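First comes the structure, then the notes that go with it.
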Amino acid sequence: MDTKYEHACMGIYAKAGLVAEEVFSSIRNIHAFWAFQIMSERFDAILQQAHKTGLKKSPVLSVLYSFEFFCIYAGYALAFWQGIRRYATGEIAEPGSVVTVIFAVIVAAQALTQVAPQIVHISKAAAAAHELFQVIDRESKVDPLSDQGIKPSYCHGAIELRDVRFAYPSRPDVPVLKGVNLSIPANKTTAQTCVL
Numbered sequence: 001m002d003t004k005y006e007h008a009c010m011g012i013y014a015k016a017g018l019v020a021e022e023v024f025s026s027i028r029n030i031h032a033f034w035a036f037q038i039m040s041e042r043f044d045a046i047l048q049q050a051h052k053t054g055l056k057k058s059p060v061l062s063v064l065y066s067f068e069f070f071c072i073y074a075g076y077a078l079a080f081w082q083g084i085r086r087y088a089t090g091e092i093a094e095p096g097s098v099v100t101v102i103f104a105v106i107v108a109a110q111a112l113t114q115v116a117p118q119i120v121h122i123s124k125a126a127a128a129a130h131e132l133f134q135v136i137d138r139e140s141k142v143d144p145l146s147d148q149g150i151k152p153s154y155c156h157g158a159i160e161l162r163d164v165r166f167a168y169p170s171r172p173d174v175p176v177l178k179g180v181n182l183s184i185p186a187n188k189t190t191a192q193t194c195v196l
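If you read the sequence shown in UniProt numbering, its first letter stands for residue 1, the second for the next number, and so on.
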């Protein structure tokens, strides 16, 4: 359950990162048009979404930590109760044995408190891995081993691209290529340069 909210937060932080990247890449324009406030409000609005999603994680974490500390204090109580009961019935000769057991319970409880923060990190890792596995498991729309499709009888080597548009799947709202046209004649060396 925590992984679901962590996954949502990661998506929101990615959007916030895109806004920050946009601001830093066009800082001259933002300064020229005095658009600091507008861009700051856009960034803050996205971070508010992350805050709201993060608040949904609070009940999950409260149950996790409540259960953890219940186990710790229940262990203390059980150690004291059993120690006093056994000392009173004569099963334990010295109260020092009770203290030894209680210290063992304290050490075990401290070890248990180190588990909960790791569960949070495991949840974050699982959310990140989910996106990675989606990319890995995605089936390609083009089968490179297929015999189907158009097979030209003759190819003289000229390559022409018309109105090519492309965006990476991880950031579909940021186009990398916008209507690119390119012609490469056969038997010629062609170089392409671009300015980002």
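Each residue gets a CB set at the ideal place from its N, CA and C atoms; glycine is no exception.
Please read these numbers as outputs of a predicted model, since none were measured by experiment.
- According to the DSSP assignment, Val174 belongs to no beta strand (DSSP E), since it is labelled neither H nor E.
- Within the UniProt domain "ABC transmembrane type-1" (1 to 124), no run of beta strand (DSSP E) at least 3 residues long lies entirely inside it.
- In the assembly as shown, Cys9 is a buried residue. Its beta-carbon has 16 or more other beta-carbons within 10 Å.
- Of the residues Phe24, Gly54, Val19, the one whose Cα lies closest to the Cα of Glu41 is Val19.
- Scanning its chain for C-beta atoms nearer than 7 Å, with the 5 sequence neighbours on each side dropped, one finds around Tyr13 the residues Ala50, in chain order.
- Closest option to Tyr73, judged by alpha-carbon separation, among Lys57, Leu161, Ala108: Ala108.
- If you draw a 10 Å sphere on the C-beta of Ile46, you find 16 or more other C-beta atoms in it, and that means buried.
- Considering only Tyr5, Pro172, Lys178, Ser153, the residue with the shortest C-alpha distance to Val164 is Lys178.
- Linking Gly54 to Gln48 through their CA atoms gives a straight-line distance of about 10 Å.
- Burial check for Gly83: the Cβ neighbour count within 10 Å reaches 16 or more, so the residue is buried.
- Ile159 sits in a strand when the DSSP states are folded into three classes.
- The three-state reading of DSSP puts Val180 in strand, counting E and B together.
- Under a 10 Å Cβ-count criterion, Tyr154 is classified as exposed, with fewer than 16 other Cβ atoms of the shown protein chains found around its own Cβ.
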